[in-house]
Amino acid sequence: MLMNSLSYFLFRDIENKLLFKNDYLLPSITIGYILFATWIGPSIMETRKHFALRKVMMVYNIFEVGVNVYLLQWIISTMLQYRYVHCMPHDDPRYLSSYKKTLPLWWCILLNKMFELLDTVFFVLRKKWNQLSGLHVMHHSVICILIWWGMRNPHKTGFYCLILLGNNIAVHSVMYTYYGLSGLGPHMAKYLWWKKYLTVLQMGQFVFNIAYVFIEFITGCEKAGTADIFILAFIAFLLVLFLNFYRRKYSS
Numbered sequence: 000m001l002m003n004s005l006s007y008f009l010f011r012d013i014e015n016k017l018l019f020k021n022d023y024l025l026p027s028i029t030i031g032y033i034l035f036a037t038w039i040g041p042s043i044m045e046t047r048k049h050f051a052l053r054k055v056m057m058v059y060n061i062f063e064v065g066v067n068v069y070l071l072q073w074i075i076s077t078m079l080q081y082r083y084v085h086c087m088p089h090d091d092p093r094y095l096s097s098y099k100k101t102l103p104l105w106w107c108i109l110l111n112k113m114f115e116l117l118d119t120v121f122f123v124l125r126k127k128w129n130q131l132s133g134l135h136v137m138h139h140s141v142i143c144i145l146i147w148w149g150m151r152n153p154h155k156t157g158f159y160c161l162i163l164l165g166n167n168i169a170v171h172s173v174m175y176t177y178y179g180l181s182g183l184g185p186h187m188a189k190y191l192w193w194k195k196y197l198t199v200l201q202m203g204q205f206v207f208n209i210a211y212v213f214i215e216f217i218t219g220c221e222k223a224g225t226a227d228i229f230i231l232a233f234i235a236f237l238l239v240l241f242l243n244f245y246r247r248k249y250s251s
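Numbered per numbering that gives the first Met the number 0, the sequence shown finishes at 251, counting up by one with no gaps.
Below is the structure:
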C-alpha cells in the first residue's frame, strides 16, 4: 500500500497534483522559504545555541547524492529516447505528446529541488551565517519557480532545459558528495583540497549552458522567446555572482 501510494505520488497523474495545478501554492512556499531564510529563521536562532545535526546531515547528503545520480541517469535516458523532438516546434502535437510523457521526470526534479531547500534550514539551525548568502537563497528559490513554470508551459520552453538541469544535477551530485565527506570530521580535511574547484565546476556549468543555449538560438533550433531570454539572463547572472564569490574567497 505504501509503495503504491509513493508510486502514484511520484509518477502518475502529475497534472492533477495540487502543487502542479494551483497558481499560488508553490509561489507561496517560495515566499515562505525566503522569509524564513532572511528573517524568521535568523530571528529564532539569534539567542539560541546552534544545533550540530551531524548525523542528520550525513543521512541527508547521502540521500541527495543517490537522488541526484538517479535523476541524472533518468535525464540522459530521456534525452536519448526523445531526441527526435529536438528542434521541433513547441506547438507540434508530437512535441507536446512527448513532453507529457516526461512529466514524471520534471515532477521528480521539482520535488527534489524543493527538498534541497533543507540546505537553508540546516544553515539556519547550525547558524552557518557565512553560507547563508543572498546568492544561495536566490538560486534555490528561483530554480524551483522556473521548473514549476516550465512544467506548466511546455509550449514556451524547450527540451534543451533538460540538458541545463542535467548539468545542474551532475554538479549537485559532486557537491553533496563533498558535503558528505566533510561531515565525517576534521580528519577528512586533507582529502578535500578540491573544495574551491566545486565553485569552478559550477561556473563551468553556467558557461557550458550559456554557450549551448546560444548555439540553439543561432542555428535556429530554438526560437528565443521571452522565457528563453529570461533563462539565459538568469544563468549569466548566476555566473557573474559565482565569479565574484570565487574572487572574494580564493583570489589572493
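Ideal Cβ placement from N, Cα and C applies to all residues, glycine included.
Item, Value
"Check whether the Cβ atoms of A223 and L71 sit closer than 8 angstroms, and answer yes or no.", "no"
"Whether or not the segment 241-249 and the segment 169-185 are in contact is what I'm after, with contact meaning three or more pairs of Cβ atoms, one per stretch, closer than 8 angstroms; do they touch?", "no"
"Could you tell me which of L161, L124, H171, G149 sits nearest to G65, measuring between CA atoms?", "H171"
"Could you round the C-beta distance between A226 and V136 to whole angstroms and report it? I think they count as a contact, below 8 angstroms.", "Actually they do not touch by this definition, with Cβ atoms about 22 angstroms apart."
"Using alpha carbons as the reference points, say which of L131, T218, P26, F205 lies closest to G165.", "F205"
"Alpha carbons only, please: which of F241, I162, P153, P185 is nearest the one belonging to Y196?", "F241"
"Compute the Euclidean distance between the alpha carbons of P26 and N152, then round it to the nearest angstrom.", "16 angstroms"
"Out of curiosity, what's the CA-to-CA distance linking I209 and L191?", "29 angstroms"
"Starting from V84, trace the alpha helix (DSSP H) both ways and give me its first and last residue.", "Element bounds for V84: n/a, residue is neither H nor E."
"How long is the line joining the alpha carbons of L124 and L145, rounded to whole angstroms?", "27 angstroms"
"Candidates T46, Y81, M44: which alpha carbon is nearest K99's?", "Y81"
"Given L131, which residues of its chain have a CB within under 6 angstroms of its CB, disregarding the five upstream and five downstream residues?", "F122"
"Taking L102 and I13 to be in contact with their CB atoms under 8 angstroms, please state how far apart those CB atoms are, rounded to whole angstroms.", "4 angstroms"
"If you reduce the DSSP assignment to three classes, tell me which class P88 lands in.", "coil"
"Rounding to the nearest angstrom, what Cα-Cα distance links F62 and L52 in this structure?", "15 angstroms"
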